[in-house]
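Asker:
Residue numbers (this note's numbering): 5 to 196.
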């Protein structure tokens, strides 16, 4: 396993290995800046070979508001990121399961979260604060491009080759080889 840290962070390598204990990294995973990686002991986080997790604004074309964050904070939650991906300043938060395929591009300030945090509890809204949501899996297939400032919600599949335009909210499945955008995301072009 080879971990590269850019822009003066090589002195943090030994500390960084402690942060990612129990995280499976493929060959050639590249970190620009220091991401936040948090997981429960029984949760799984996997990052495929030659994937970039960019947490640094240096040299990046838009302003990134925070570093990459991988959070698997429930027992048996799973985050799986494929090979050859480029992920910039994105939060990936799994209650249940988030699967990202190969060759996926994710621009800065995107939020990918498979749960709501709390149940709706319409029969007792005062108790909502004491509930937890179990999340619904997210699948982002190969060769997907997600623009900046997007929000990907639980229970969706984004089909292979799809493009999500900047500032979109994805709350339902997206067909392969389509361009969608808006809040909620709607079809702009179907290349099928």
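We put the beta carbon where it would ideally sit given N, CA and C, even for glycine.
These numbers come from a predicted model, not from an experiment.
Apart from the five residues just before and just after residue 112, which ones in its own chain have a Cβ nearer than 6 Å to its Cβ?
Answerer: So the list reads 66, 68, 92, 93, 152, once near-sequence residues are dropped.
Asker: Are residue 163 and residue 119 closer than 7 Å when you measure CB to CB?
Answerer: Not closer than 7 Å, so no.
Asker: Pop quiz: residue 87 and residue 52 are said to be a contact at Cβ under 8 Å. What is the actual Cβ separation, rounded to whole angstroms?
Answerer: With a Cβ gap of about 4 Å, residue 87 and residue 52 count as contacting.
Asker: Answer yes if the segment 33-42 comes into contact with the segment 69-89, meaning at least three C-beta pairs across the two stretches below 8 Å, and no otherwise.
Answerer: As far as the Cβ criterion goes, the segment 69-89 touches the segment 33-42, which means the pair count is three or higher.
Asker: Considering only the alpha carbon of each residue, which of 192, 122, 143 lies closest to residue 133?
Answerer: It is 122.
Asker: Please classify residue 186: does DSSP put it in a helix, a strand, or coil?
Answerer: Three-state result, residue 186: coil.
Asker: For residue 183 versus residue 193, is the C-beta distance shorter than 7 Å?
Answerer: Yes.
Asker: Hey, how far is the Cα of residue 61 from the Cα of residue 161?
Answerer: Cα to Cα, residue 61 sits roughly 29 Å from residue 161.
Asker: If residue 156 sits next to residue 174, beta carbons under 8 Å apart, how far is it from one beta carbon to the other, in whole angstroms?
Answerer: Correct: roughly 5 Å between the Cβ atoms.
Asker: Using a 10 Å radius around the Cβ and a threshold of 16 neighbouring Cβ atoms, would you call residue 81 buried or exposed?
Answerer: Residue 81 should be labelled buried.
Asker: Taking a contact to mean a Cβ-Cβ separation below 7 Å, would you say residue 1 touches residue 36 in this structure?
Answerer: The chain is shown only over 5 to 196; residue 1 falls outside these bounds and no answer can be derived.
Asker: Determine the direct distance from the alpha carbon of residue 130 to that of residue 196, and round the result to whole angstroms.
Answerer: Cα to Cα, residue 196 sits roughly 47 Å from residue 130.
Asker: Going straight from the alpha carbon of residue 143 to that of residue 180, what length do you get?
Answerer: If you take the alpha carbons of residue 143 and residue 180, they lie about 12 Å apart.
Asker: Straight-line CA distance for residue 150 to residue 30?
Answerer: Distance between the alpha carbons of residue 150 and residue 30 is about 22 Å.
Asker: Closer than 6 Å by C-beta to residue 177: which residues in its own chain qualify, once you throw out the five before and the five after it? Chain order, please.
Answerer: Closer than 6 Å at the Cβ level, and outside the excluded window around residue 177, lie 160, 161.
Asker: Leaving out the 5 sequence neighbours to the left and right, which residues in its chain are closer than 7 Å to residue 137 when beta-carbon positions are compared?
Answerer: So the list reads 99, 119, 120, 121, 122, 123, once near-sequence residues are dropped.
Asker: On the CB-based measure, 16 or more other CB atoms within 10 Å of its CB, does residue 139 come out buried or exposed?
Answerer: Counting Cβ neighbours within 10 Å, residue 139 comes out buried, since at least 16 surround it.
Asker: Which residues mark the beginning and the end of the beta strand (DSSP E) in which residue 123 is found?
Answerer: Residue 123 -> no beta strand (DSSP E), and no H or E assigned at all.
Asker: Out of 34, 117, 115, which has the shortest C-alpha to C-alpha gap to residue 89?
Answerer: Measuring from the Cα of residue 89, the nearest candidate turns out to be 34.
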